[in-house]
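Asker:
Protein chains: 2
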Amino acid sequence: MPENREVTIYDIAKHLNISAATVSRGLKNNPMINKNTRKKIADAAKQLGYQSNTFASSLRSKHTHTLGVLVPRLNSYFMSSVLAGMENAANRHGYNLIIAQSLEDAEKEKLNAETMFNKRVDGLLISLSYNTQHINHLEPFFKRKIPVVFFDRVYPHNESTSIVINNYGAAYNITQHLIEQGCRRIMHLGGNVLRNVYKDRLDGYRQALNDNRLPVIQQLYLTSNLSEQAGIEAARYILDMAPDDRPDAVFSANDTAAVYCMLTLKAAGIRIPEDIAFAGFNNDPISKVIEPNLTTVDYSGDTVGNTAVTNLINHLKGDSNLYITNSITLRSDLVIRASSLKKQIARN
Amino acid sequence: MPENREVTIYDIAKHLNISAATVSRGLKNNPMINKNTRKKIADAAKQLGYQSNTFASSLRSKHTHTLGVLVPRLNSYFMSSVLAGMENAANRHGYNLIIAQSLEDAEKEKLNAETMFNKRVDGLLISLSYNTQHINHLEPFFKRKIPVVFFDRVYPHNESTSIVINNYGAAYNITQHLIEQGCRRIMHLGGNVLRNVYKDRLDGYRQALNDNRLPVIQQLYLTSNLSEQAGIEAARYILDMAPDDRPDAVFSANDTAAVYCMLTLKAAGIRIPEDIAFAGFNNDPISKVIEPNLTTVDYSGDTVGNTAVTNLINHLKGDSNLYITNSITLRSDLVIRASSLKKQIARN
DNA sequence: TTGTACGCGTTATCAT
DNA sequence: ATGATAACGCGTACAA
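Protein chains in written order, with the UniProt record's numbering: chain A, 1 to 348; chain B, 1 to 348.
(1) Quick check on the DSSP output: the beta strand (DSSP E) that includes Phe151 (chain A) runs from which residue to which?
(2) Using 7 Å as the threshold, is the C-beta distance between Val82 (chain B) and Leu312 (chain B) below it?
(3) Taking only beta-carbon atoms, is Phe142 (chain A) less than 7 Å away from chain B?
(4) Could you compute how far the alpha carbon of Lys199 (chain B) sits from the alpha carbon of Arg153 (chain B)?
(5) Using a Cβ-Cβ cut-off of 7 Å, state whether Ile286 (chain A) counts as contacting chain B.
(6) Which same chain residues end up closer than 7 Å to Tyr168 (chain B) when comparing Cβ atoms and leaving out the 5 residues on each side of it in sequence?
(7) For Asn283 (chain B), I'd like the list of residues in its chain whose CB is within less than 8 Å of its CB, leaving aside the five on either flank, ordered along the chain.
(8) If we cut at 7 Å on Cβ distances, does Thr303 (chain A) have a partner in chain B?
(9) Hey, is the segment 225-240 of chain B in contact with the segment 248-262 of chain B, meaning 3+ C-beta pairs nearer than 8 Å?
(10) Given a threshold of 16 other Cβ atoms within 10 Å of its Cβ, counted over all protein chains shown, does Gly49 (chain B) qualify as buried or as exposed?
(11) Determine, for Asn136 (chain B), whether the minimum Cβ-Cβ distance to residues of chain A falls below 7 Å.
(12) If we require 4 or more residues per run, which alpha helix (DSSP H) segments fall completely within the UniProt domain "HTH lacI-type" (7-61) of chain A?
(13) How big is the Cα-Cα spacing for Ala208 (chain A) and Phe281 (chain A)?
(14) Any idea if Gln133 (chain A) is buried or exposed, counting beta-carbon neighbours within 10 angstroms, 16 or more meaning buried?
(15) How far does the beta strand (DSSP E) with Leu330 (chain B) in it reach, from first residue to last?
(16) Could you give the residue range of the alpha helix (DSSP H) that holds residue 356 (chain B)?
(17) Are Gln181 (chain A) and Ala277 (chain A) close, meaning C-beta to C-beta below 7 Å?
(18) Considering only residues of the segment 246-330 of chain A, which uninterrupted beta strand (DSSP E) runs meet the minimum length of 3 residues and lie entirely inside it, listed in chain order?
(19) How would you list, in chain order, the residues of chain B whose beta-carbon sits under 8 Å from the beta-carbon of Ser58 (chain A)?
(20) For Phe117 (chain A), go through chain B and note every residue whose CB falls closer than 7 Å to its CB, in chain order.
(21) From the DSSP output, in three-state form, read off Tyr205 (chain A) for me.
(22) On the criterion of 16 or more Cβ atoms from any shown chain inside 10 Å, does Lys342 (chain B) qualify as buried, or is it exposed?
(23) Using the Cα positions of Met32 (chain A) and Ile18 (chain A), report the straight-line distance between them to the nearest angstrom.
(24) Could you work out which residue in B:Leu124, B:Glu291, B:Arg195, B:Ser162 is closest to Pro273 (chain B) when comparing CA atoms only?
(25) Would Ile290 (chain A) pass as an interface residue toward chain B - the criterion being a Cβ-Cβ separation below 7 Å?
(26) Below 8 Å, can you find three or more Cβ-Cβ pairs linking the segment 264-273 of chain A to the segment 184-199 of chain A?
(27) Please look up how many angstroms separate the CB atoms of His65 (chain A) and Ala44 (chain A), rounded, as I've assumed it's under 8 Å.
(28) Could you pull the start and end residues of the beta strand (DSSP E) that His188 (chain B) belongs to?
(29) Check the DSSP bridge columns for Gln101 (chain B) and list the partner residues they point to.
(30) Express the C-alpha separation of Lys288 (chain A) and Ala338 (chain B) in angstroms, rounding to a whole number.
(31) Since Glu87 (chain A) and Leu97 (chain A) are thought to touch, with beta carbons under 8 Å apart, how far apart are those beta carbons, to the nearest angstrom?
(32) By Cβ distance, which residues of its chain are closer than 7 Å to Ala20 (chain A), with the 5 residues on each side in sequence left out?
(33) What's the call for Lys119 (chain B), buried or exposed, on a 16-neighbour Cβ count within 10 Å?
(34) Measure the alpha-carbon distance for Arg195 (chain A) versus Ile126 (chain A) and round it to whole angstroms.
(35) Which same chain residues end up closer than 7 Å to Ser308 (chain A) when comparing Cβ atoms and leaving out the 5 residues on each side of it in sequence?
(36) Smallest Cα separation from Leu70 (chain A): which of A:Lys108, A:Tyr237, A:His93?
Written out as structure tokens, the structure is:
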């Protein structure tokens, strides 16, 4: 006889001739309750096939043990590492993740944020879409003091934490490295400067040129969405230039564009790094497979995710009304590989 | 004065001197309600900063518009494509995704399944961990008729849908292809045969050998977790063999192991495909970057995800008590690339 | 240590 | 077309 009502704490209570309140307490292992009754309750729960109803609980207790995660895209190596790190940390603390992607669309980001709010997530983890201009859509969170943690593509907000790496410094160093290899006409493939990550990488690149008294050449700066296609188009752009105008190095703001640019140039007979040296960003798996291996910047998505969630949960467990604003800068490492080692290769 | 109570439909009701029931209906655009009142309600809602409380609604209406997704790992190319596809389809239908990973651990899978049940997901999408032996942990879902959709790593269950590709056929074809290239000693790098995907790929490989009257050689079958490290170890295993015993081709059950095996062999002076031809599985981005490009099996994670969610939601919207069990086999394509083109390359 | 009683915010039912 | 009321399952202040 398929009874279709849920098994509730009342059923357990009736079964044991005790009150629902006691069952509720016993199930949470409240030490006030007699150890014996606790055991009896647990047994009865198992026997009756009781499964606690999280949102009935949430309705009462005002917290969901659920974190919202809002990212531009789910299917990139970096982002899936971040998610893996987040899930790990969340799980460890008894939290769950509800995940949505904006597909780089500010409007969708707004809708998703609203959904997450309506689901009453205990906190929000967000990396902004390509063209998000403001964060008005996060106001409901701010108003209700629901903590928001920005990561990677962040937005200045003095009541939220941001998790980033030093994009400026990493870009500066990688550009400096190319310069030390003898490169003088370094091209940069960048993204939308609305986003800190691309702005900072561009700034770092430019500053390195300045500090080395190299000109910043307008023609050697391309912005795009840094997709495979964008990499291929960058290569065509280079091939269309008069040979003397061509760059002797390319620093791309991500590995995907770098790699597909390399592949296209190689197919056209350009030698790497002899003719054009390369550097990317992210340490994507493809950077270790392309030949010559791509010089890049390594930073752990896993760590970003872990840090973001851990930080958020700490706020949640502490006094969330008084927590201190901060920005956490994670470590990143320059990974030097053959694609940028101009002089050394040339010596052979 | 920071009032910390939520804005509820009662506030709107009071504000407009109407009943909460009307507000509830109006907010859902119930056509029974006067268009005028509907507008007034919407306006008041905006004005008062009302945000619907999803789980109060869920408590009453018995459905959460949330789907649980339980995967072995979040951070693989295939899985992140699947998730992207799922999120897309779910979003399109007004559903959300709550995501957890088992980290290939059956115990963790069990715990996660329980959490998902407790959150009363409307349906569960699951790909089994490496060593899951049974699906007793899904019983609560079956008992409550909550639809479960298996994808990729599935389990036979006559009240659930499975989304797969024809792993057997794809493996058969790719092995046949290698044989047609003149390969006679084809090694197979496989996974745990507990999982259909690896069992079927192994079977397809073996059948192709049989059909071509080639011996199935014990030493040429290695099982592992198909990680980078496993690929490297497979290469070492090959290099340790007497040259005459070595395979003349390797068919790996995933691209990662294939690519790292290739890289290691290349570094040791083995020529690919002349000495050893290669084929993988998944059409991971690295397969397009390795040189020579890896022959592989393409199937869209995006489509898997989309299909799984769409199917699930169809059940949800239809009569979920009567839905018909089925197994959906998605298309996959053999992608032939240079790494396996033994004869052609040799001719040059 | 346990029980009573109420409320969380919404929706379904029945009535008007 | 709208209102009154109960109920969803749980947690907690207060009482015992």
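Glycine included, C-beta positions come from ideal geometry on N, C-alpha and C. These numbers were taken from a predicted model, which means no experiment stands behind them.
Answerer: By the coordinates alone:
(1) 148-151 is the span of the beta strand (DSSP E), which, as asked, contains Phe151 (chain A).
(2) For the pair Val82 (chain B) and Leu312 (chain B), the CB atoms are not nearer than the 7 Å cut-off.
(3) Not one beta carbon of chain B lies nearer than 7 Å to the beta carbon of Phe142 (chain A).
(4) Cα-Cα distance, rounded: 10 Å.
(5) Yes, Ile286 (chain A) lies at the interface with chain B (some Cβ there is under 7 Å from its Cβ).
(6) Only Asp200, Asp203, Gly204 meet the Cβ criterion.
(7) Excluding sequence positions up to five before and after Asn283 (chain B), its CB lies within less than 8 Å of the CB of Asp255, Thr296, Val297, Asp298, Tyr299, Val335, all in the same chain and listed in chain order.
(8) Not an interface residue.
(9) Two segments are said to touch when three or more pairs of C-beta atoms, one from each, lie closer than 8 Å; by this definition the segment 225-240 of chain B touches the segment 248-262 of chain B.
(10) Label assigned to Gly49 (chain B): exposed.
(11) Not an interface residue.
(12) List check, alpha helix (DSSP H) in window: 9-16, 20-27, 35-48, 54-61.
(13) Computed Cα separation, rounded: 16 Å.
(14) Per the 10 Å Cβ criterion, exposed.
(15) For Leu330 (chain B), the uninterrupted beta strand (DSSP E) run begins and ends at 327-330, by DSSP.
(16) The shown model of chain B, from 1 to 348, leaves out residue 356 (chain B), and the question about it has no answer.
(17) Their beta carbons are under 7 Å apart, which means Gln181 (chain A) touches Ala277 (chain A) by this criterion.
(18) As for any beta strand (DSSP E) of minimum length 3 sitting wholly inside the segment 246-330 of chain A, the runs are 249-252, 277-279, 296-298, 327-330, ordered along the chain.
(19) Residues of chain B passing the Cβ test: Phe55.
(20) The answer, in chain order, is Gln51.
(21) Correct three-state label for Tyr205 (chain A): helix.
(22) In the assembly as shown, Lys342 (chain B) is a buried residue. Its beta-carbon has 16 or more other beta-carbons within 10 Å.
(23) Using only the alpha carbons, I get a separation of about 15 Å.
(24) When only C-alpha atoms are compared, the closest one is B:Glu291.
(25) The C-beta of Ile290 (chain A) comes closer than 7 Å to at least one C-beta of chain B.
(26) By the C-beta criterion, the segment 264-273 of chain A is judged not to be in contact with the segment 184-199 of chain A, since fewer than 3 inter-stretch pairs fall below 8 Å.
(27) Actually they do not touch by this definition, with Cβ atoms about 25 Å apart.
(28) Element bounds for His188 (chain B): 186-190.
(29) Paired residue(s): B:Val71.
(30) Approximately 19 Å, taken between the alpha carbons.
(31) Right, the Cβ-Cβ distance comes to about 6 Å (below 8 Å), so this counts as a contact.
(32) Contacts found: Ile9, Tyr10, Ala13.
(33) The residue in question, Lys119 (chain B), is buried, as its Cβ has 16 or more Cβ neighbours within 10 Å.
(34) Using only the alpha carbons, I get a separation of about 13 Å.
(35) With the sequence shown as reference, residue 308 (chain A) is identified as Ala, and Ser is not the correct amino acid for it. Only Met86, Leu125, Val149, Phe151, Ile163 meet the Cβ criterion.
(36) Here the closest residue by C-alpha is A:Lys108.
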